[in-house]
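Enquirer: Reading the sequence shown from the start, the letters are residues 2 to 508 in the numbering used here.
Each residue gets a CB set at the ideal place from its N, CA and C atoms; glycine is no exception.
In this text the structure is predicted, and so the values were computed from the model without any measurement.
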Amino acid sequence: MQELANTQPAPHNYEEQHLMSKMTVAGVQIDTRHFIGGQRVASTETFPDHSPVDGSLLGHISSGGDAEVDAAVTAARAAFPAWSATPPAQRAAILHRIADLVEERLEDLAIVETMDNGALLRSHRRGVMPRVAHNFRFFADYLINDLHHEPFETRGHTNVVSWDPSGVCALITPWNAPLMLATWKIAPALASGDTVILKPAEWTPLTASLLCDIVAEAGLPDGVFNVVQGYGENAGAALVAHPGISRISFTGSVPTAVLVAKAAAANLTPCSFELGGKSPTIIFDDADIDLAVELAAEQYDNAGQVCLAGTRLLVQEGVAEEFLQKFEARVSRIKQGDPRDEATDMGPNIHPEHVARVDGFVQRARAAGGTIVFGGHRVSDDNLFYEPTLIMPATAGDEIVCEEVFGPVLTMQTFATDGDAIAMANGTRFGLAACIAVGDRNRAERITSQLVAGTIWVNCFFVRDLRAPFGGSRKSGVGREGGTWSFDFYSDVKNTVFSPNGWKEGA
Ligand code: NAD
């Protein structure tokens, strides 16, 4: 991600600096400083935060680097012994209190997230922020009720598996679903007994700051949860290179993950990577075509800024014409506009630079001989809205078929046989997800068993259960999170072997 604009030094006058430490967005007051050891800490450098809703400047945020990261690691390490020794039931109770407060402040969180990343307010109210609360409740309850491995015997010896806290977790998150993706990592790390440092994306720093207020009010001890704001190449790079970190969980793009992996290698810090995708939506000739059209239209959700989106429509030849006719009619009803309006289906993209990047993909696909079936233009002069776009690529190897656009741009290709569909679906370097529309169960099972993907949805999309493993194959990720898989990553998993021998009488 590139810097937005001039990094501005913060004012030196104390009073001015104090005033600058707060900003108000849609009536909600937000602290613009880091949160380290339970204290708000300002940096001398700041970065500007703009709203994609109208391009306005929301405020300036403290911009951290080596010193702030070092302070956060020191605070998180100091808090680790007490938090890791806190009984699981007590840890879970605090996580539930955090969830209660997220629910109490749901409206504030929803509107601030919308102003910061441009996603629909109605989605934040009804889907995303309830999921943020659920992230905390789920991992709290899982810790108490489900985190268990049956002891097993080896020649009369008993193996007992346990999950021990590992230390300080560095969590790095993107801008497309800021608080939901951050809490999906924060909650299991805290439940595991680890302490946490979050580095939110620089395009969407605000709800992480509100979460700091919430965790403090919930009674989470100082230093257990810390936030260092700033650019990836400064705060992010310093954090992942720090030798005091025990785990790195990163969600973002493949090129950044490569940099993170290099930095982590120097300390052999274990990493979990949740990365990009170029997932297929496959429509077979026995599918319910109306359902298939709805599933395909869902791939434009969040203006296409969804890692799991099935952006390659692969349609069987016999139904391609009918599908395309209905799909075009369906997409023409998508209402673009202000994401705060309940009637809006698609809001802006995150940033003019990102829209330019999206448009670059479309123009290169056109130049390569691709057919723009519909869309293909910016909607507004402010360069924040892009039309829902469908492209028939010139060849299967085109950039538009192989690379993640992360905007409202789908491609459509046709196939003849199930074998062709599988080969095309598996034909990129990614393997995050797949969505298929099909009428026959046996056919569905045959096909899903051959697809390379971390998650497959059959005749549905985006049904998520936090017990399920979540992650990507190939370049879409390393490792899985969710349920026990999250605890496996954030913990030091231990096996203790008890002998039948050597016990004192009666002990
Ligand atoms: P990005 O890789 O540019 O940035 C992600 C985060 O990494 C940001 O917080 C950024 O500041 C930080 N960062 C940048 N350089 C860094 C460095 N050198 N060291 C440490 N941190 C650094 O990604 P983005 O543009 O914010 O997000 C979009 C990408 O995220 C897409 O590829 C999308 O598919 C992916 N994504 C994946 C999932 C998933 O669960 N698999 C979910 C959402 C988004």
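1) State buried or exposed for Val464, treating a residue as buried only when at least 16 other CB atoms are found within 10 Å of its CB.
2) The alpha helix (DSSP H) spanning Glu404 covers which residue range?
3) I'd like to confirm something about Pro175: is its beta-carbon nearer than 8 Å to some heavy atom of ligand 1, or not?
4) Measure the CB-CB distance between Thr47 and Ser63 and report whether it falls below 9 Å.
5) Which residue's Cα is closest to the Cα of Trp185: Gly245, Thr159, Val162 and Phe251?
6) Lys327 and Ile351 - do their beta-carbons sit closer together than 9 Å?
7) Report yes or no: is there a C-beta of chain B within less than 9 Å of the C-beta of Val261?
8) If you reduce the DSSP assignment to three classes, tell me which class Lys327 lands in.
9) Closer than 8 Å is the cut-off here; do at least three beta carbon pairs connect the stretch 358-375 with the stretch 22-37?
10) So Gly420 is in the beta strand (DSSP E); what residue range does that whole segment cover?
11) Give me whichever residues DSSP pairs with Asp1 in a beta bridge.
12) Cutting at 6 Å between CB atoms, please list the residues of its own chain near Ala72, excluding the five before and the five after it.
13) Considering only the beta carbon of each residue, do Phe226 and Leu191 sit closer than 9 Å?
14) Is there at least one non-hydrogen atom of ligand 3 closer than 8 Å to the beta-carbon of Ala238?
15) With distances taken Cα to Cα, identify the nearest neighbour of Gln389 among Glu343, Asp302, Gly361 and Ile401.
16) Output the distance between the C-alpha atoms of Ala1 and Val316, rounded to the nearest integer angstrom.
17) To the nearest angstrom, how far is it from the Cα of Arg92 to the Cα of Val197?
18) Hey, could you find the ends of the beta strand (DSSP E) Cys393 is sitting in?
19) Quick one, are the C-beta atoms of Gly408 and Arg358 less than 9 Å apart?
20) Check whether the stretch 439-446 and the stretch 323-341 are in contact - that is, three or more C-beta pairs closer than 8 Å.
21) Report yes if the C-beta distance between Ala239 and Gly377 is below 9 Å; otherwise report no.
22) Is Ala262 near ligand 1, judged by its Cβ being under 8 Å from some heavy atom?
23) Quick one, which of Ile173, Phe386, Arg313 and Ala267 has its alpha-carbon nearest Ala120's?
24) At a cut of 8 Å, does the stretch 135-144 reach the stretch 95-107 through at least three beta carbon pairs?
25) Are there 16 or more other CB atoms within 10 angstroms of the CB of Gly507, so buried, or fewer, so exposed?
26) Going along the chain, which residues of its own chain have a beta-carbon closer than 7 Å to the beta-carbon of Gly237, five neighbours each way excluded?
27) Can you tell me whether Ala508 is helix, strand or coil according to DSSP?
28) So Phe590 and Pro189 are supposed to be a Cβ contact under 8 Å. How far apart are they, rounded?
29) Does the stretch 421-436 come close enough to the stretch 448-463 that 3 or more CB-CB pairs lie under 8 Å?
30) Give me the Cα-Cα distance between Ser44 and Glu69, rounded to the nearest whole angstrom.
31) Which ranges does the alpha helix (DSSP H) cover as unbroken runs of at least 4 residues, wholly within the stretch 17-93, from first to last along the chain?
32) May I have the straight-line CA-CA distance separating Ala1 from Ala395, to the nearest angstrom?
33) Give the straight-line distance between the Cα atoms of Gly478 and Ser247, rounded to the nearest whole angstrom.
34) Is Tyr232 close to ligand 1? I mean its beta-carbon at under 8 Å from any heavy atom of the ligand.
35) Just verifying my parser: in three-state terms, what is the DSSP assignment at Phe499?
36) What did DSSP end up calling Ala171 once you bin it into helix, strand or coil?
Expert: In terms of the structure at hand:
1) Taking the sequence shown and counting its residues from 1, the one referred to as residue 464 is at position 463. Exposed.
2) Within the sequence shown, the letter at position 403 stands for residue 404. That residue, Glu404, is in no alpha helix (DSSP H); it is neither H nor E in DSSP.
3) Counting from 1 along the sequence shown, the entry for residue 175 is found at position 174. Yes, the beta carbon of Pro175 sits closer than 8 Å to at least one heavy atom of ligand 1.
4) On the sequence shown, residue 47 is found 46 positions in, with the first residue counted as 1. On the sequence shown, residue 63 is found 62 positions in, with the first residue counted as 1. Yes, they are a contact pair.
5) Reading the sequence shown from its first residue, position 184 is the one you call residue 185. Of the listed residues, the one whose Cα sits closest to Trp185 is Phe251.
6) Residue mapping note: residue 351 aligns to position 350 of the sequence shown, counting from 1. Residue mapping note: residue 327 aligns to position 326 of the sequence shown, counting from 1. It is not a contact, given that the beta carbons lie outside the stated cut-off.
7) Among the chains of the structure shown, chain B does not appear; only one protein chain is present.
8) Sequence index remark: in the sequence shown, residue 327 carries index 326 (1-based). Correct three-state label for Lys327: helix.
9) no
10) As a first step, residue 420 is located in the sequence shown; it is residue number 419 there, counting from the start. Counting along the chain, Gly420 falls outside any beta strand (DSSP E), though it belongs to the alpha helix (DSSP H) covering Asp419 to Ala426.
11) Residue coverage of the chain in this structure runs from 2 to 508, which leaves residue 1 outside it and unanswerable.
12) Residue mapping note: residue 72 aligns to position 71 of the sequence shown, counting from 1. For Ala72, where only same-chain residues beyond five positions count, the Cβ hits under 6 Å are Ile37.
13) Reading the sequence shown from its first residue, position 225 is the one you call residue 226. Reading the sequence shown from its first residue, position 190 is the one you call residue 191. Going by C-beta atoms, Phe226 is nearer than 9 Å to Leu191.
14) Summarising the ligand content, the structure contains ligand 1 and does not contain ligand 3.
15) Taking the sequence shown and counting its residues from 1, the one referred to as residue 389 is at position 388. Note that residue 389 is Pro in the sequence shown here, rather than Gln. The shortest C-alpha separation from Pro389 is found at Asp302.
16) Examination of residue 1 is not possible in this model, given that the chain is present from 2 through 508 alone.
17) Against the sequence shown, residue 92 aligns to sequence position 91. Against the sequence shown, residue 197 aligns to sequence position 196. Distance between the alpha carbons of Arg92 and Val197: 14 Å.
18) To locate residue 393, count along the sequence shown from 1; it is residue 392. First, the residue type needs correcting, since residue 393 is Met and not Cys in the sequence shown. Met393 -> beta strand (DSSP E) spans Thr390 to Met393.
19) Position 407 of the sequence shown, counted from the start, is the residue given in the question as residue 408. Position 357 of the sequence shown, counted from the start, is the residue given in the question as residue 358. The answer is yes: Cβ separation under 9 Å.
20) no
21) The count along the sequence shown starts at 1 and reaches residue 239 at position 238. The count along the sequence shown starts at 1 and reaches residue 377 at position 376. Contact flag unset, no.
22) Here residue 262 refers to the residue found at position 261 of the sequence shown. For ligand 1, not one heavy atom lies less than 8 Å from the Cβ of Ala262.
23) Walking along the sequence shown from the start, residue 120 turns up at place 119. The option with the nearest alpha carbon to Ala120 is Phe386.
24) yes
25) Walking along the sequence shown from the start, residue 507 turns up at place 506. With fewer than 16 Cβ atoms within 10 Å of its Cβ, Gly507 is classed as exposed.
26) Reading the sequence shown from its first residue, position 236 is the one you call residue 237. Here the set comprises Ile173 and Lys200.
27) In the sequence shown, residue 508 corresponds to position 507, counting from 1. Reduced to three states, the DSSP call for Ala508 is coil.
28) Only positions 2 to 508 of the chain appear in this structure, which leaves residue 590 out of reach.
29) yes
30) Within the sequence shown, residue 44 is the residue found at index 43, counting from 1. Within the sequence shown, residue 69 is the residue found at index 68, counting from 1. For Ser44 and Glu69, the distance between alpha carbons rounds to 8 Å.
31) 67-86
32) Lying before the first or after the last residue shown, residue 1 is absent from the chain, which here runs from 2 to 508.
33) As a first step, residue 478 is located in the sequence shown; it is residue number 477 there, counting from the start. As a first step, residue 247 is located in the sequence shown; it is residue number 246 there, counting from the start. In a straight line, the C-alpha of Gly478 is about 19 Å away from that of Ser247.
34) Numbered from 1 along the sequence shown, position 231 holds the residue referred to as residue 232. Within the cutoff, so yes.
35) Within the sequence shown, residue 499 is the residue found at index 498, counting from 1. Strand, per DSSP.
36) Here residue 171 corresponds to residue number 170 of the sequence shown, with the count starting at 1. Note: Ala171 maps to strand in three-state DSSP.
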